[in-house]
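Visitor: According to our numbering, the sequence shown holds residues 16 to 142 in order.
All residues carry an ideal CB built from backbone N, CA and C; glycine is no exception.
Structure below; questions to follow.
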Amino acid sequence: MHARGETLAVTVTRMIDPLRGSGAAAPPGARVVGVLVRILNHGPGVYDSSATGDFSLRSSAGDASPTFVPQGICQTPLRDFDNEISPGEERSGCVAFALPAGARGLTVRFSPHGSPNGSVAWVVRSA
């Protein structure tokens with residue numbers, strides 16, 4: 016996909032539902048899920064954005080809220096994994112969300128630079 020001066024290959028590798036052992040505090044009546052993703056910058060520019068602004072999760076109960084994760088595979092980093100990705104560089108990371116207990120994830124959306132223009136979405140399939 017094309018962003019502002021970059022061509023990106025974005026892959027959602029899997030959704031972890033529920034995200035266990037993360038130490039994340041889910042709101043009452045909710046659970047935390049993680050979405051593992053990979054971004055490859057084909058260039059020519061440097062991609063510099065924010066994972067919580069670029070990735071969103073739509074559930075059967077509406078949009079899910081990004082959630083802070085203190086430990087584990089989806090630990091929230093001090094610096095977002097999609098900050099300053101140079102041409103030819105690939106980065107992987109995880110974005111965590113809080114979902115209401117009975118809701119299921121439906122789509123993961125990637126919107127480069129947090130803009131709805133040019134976004135792509137993946138359908139979440141149950142395992």
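For P42, does the three-state DSSP call read helix, strand or coil?
Guide: Correct three-state label for P42: coil.
Visitor: Spatial neighbours of L72 within its chain, please: C-beta separation below 6 angstroms, excluding the five flanking residues on both sides.
Guide: Leaving aside the five residues that flank L72 on each side, the residues in its chain whose CB is nearer than 6 angstroms to its CB run, in chain order, A79, F112, G120 and V123.
Visitor: If I measure Cβ to Cβ from V61 and keep anything under 8 angstroms in the same chain, skipping five residues before and after, which residues do I get?
Guide: E21, E99, I100, S101 and P102
Visitor: What residues in its chain sit with their C-beta under 8 angstroms from that of G15, if we drop five residues either side in the sequence?
Guide: Absent from the model: residue 15. The displayed extent of the chain is 16 to 142, so no value can be given.
Visitor: Give the list of continuous beta strand (DSSP E) stretches no shorter than 3 residues that lie fully inside the stretch 48-133.
Guide: 70-74, 105-115 and 120-125
Visitor: Can you check whether the CB of V50 is closer than 9 angstroms to the CB of R29?
Guide: yes
Visitor: Would you decide whether V84 is buried or exposed? Buried here means 16 or more other CB atoms lie within 10 Å of its CB.
Guide: buried
Visitor: Does the distance from the C-beta atom of G87 to that of D95 stay below 9 angstroms?
Guide: No.
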